[in-house]
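Undergrad: Quick one: this structure, given as structure tokens, is what I'll be asking you about.
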Amino acid sequence: MDGLLLETESFYTVVQQDIVGTYGKQFTWELKARMMGKKALEAAQILIDELELGDKLTAAEFLRMREERLDELFPTAELMPGAARLIKHLHSHGIPIAVATSSHKRHFDMKTSLHRDLSSLTTLSQGTR
Numbered sequence: 001m002d003g004l005l006l007e008t009e010s011f012y013t014v015v016q017q018d019i020v021g022t023y024g025k026q027f028t029w030e031l032k033a034r035m036m037g038k039k040a041l042e043a044a045q046i047l048i049d050e051l052e053l054g055d056k057l058t059a060a061e062f063l064r065m066r067e068e069r070l071d072e073l074f075p076t077a078e079l080m081p082g083a084a085r086l087i088k089h090l091h092s093h094g095i096p097i098a099v100a101t102s103s104h105k106r107h108f109d110m111k112t113s114l115h116r117d118l119s120s121l122t123t124l125s126q127g128t129r
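Counting in this note's numbering, the sequence shown runs from 1 upward without gaps.
See the structure below:
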């Protein structure tokens, strides 16, 4: 869902740079790549270790700060270009649509709040977080 139907990927990059920037650090693509695919706490620990922030911030504190900022951004998530058109086209032709996400339900609800009209056209599968 993220980055495919909804433009939310940039939120993570912006928020993480904002947080580490207060400590004079840079959130690089290389660091982001090392964090991808990891559970949140593990990814946060990679960030803390790589940027040598352990004496200033714990992984749990970083996640709390990130969560607060993401909560402000998620409700503003826009659809990716062509996403609405694709969903409506598939639905109008009777093609079943399933959306899979590993997002927490609370995050999913925030991210899709501007696009409730499309949710009735799809089936949702969420992870067990």
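The beta-carbon is built from N, C-alpha and C at its ideal position, and this holds for glycine as well.
1) Hey, E50 and L63: beta-carbon distance below 8 Å or not?
2) According to DSSP, which residues form a beta bridge with L79?
3) Locate the alpha helix (DSSP H) running through H107, then write down its first and last residues.
4) So, at 8 Å on beta carbons, what are the nonlocal neighbours of R69 in its own chain, with the 5 sequence-adjacent residues on each side left out?
5) Note down, in chain order, each residue of its chain lying with its Cβ closer than 7 Å to the Cβ of L118, except the 5 sequence neighbours on either side.
TA: This is what the structure gives:
1) Start at 1 with the first residue of the sequence shown, and residue 50 comes out as number 50. Start at 1 with the first residue of the sequence shown, and residue 63 comes out as number 63. No, these two residues do not count as a Cβ contact at 8 Å.
2) To locate residue 79, count along the sequence shown from 1; it is residue 79. Partner(s): L6.
3) Within the sequence shown, the letter at position 107 stands for residue 107. Start and end: K105 to K111.
4) On the sequence shown, residue 69 is found 69 positions in, with the first residue counted as 1. V15, D18 and I19.
5) The residue you call residue 118 lines up with position 118 of the sequence shown. If we look at L118 and ignore the five residues flanking it on each side, its Cβ neighbours are A84 and I87.
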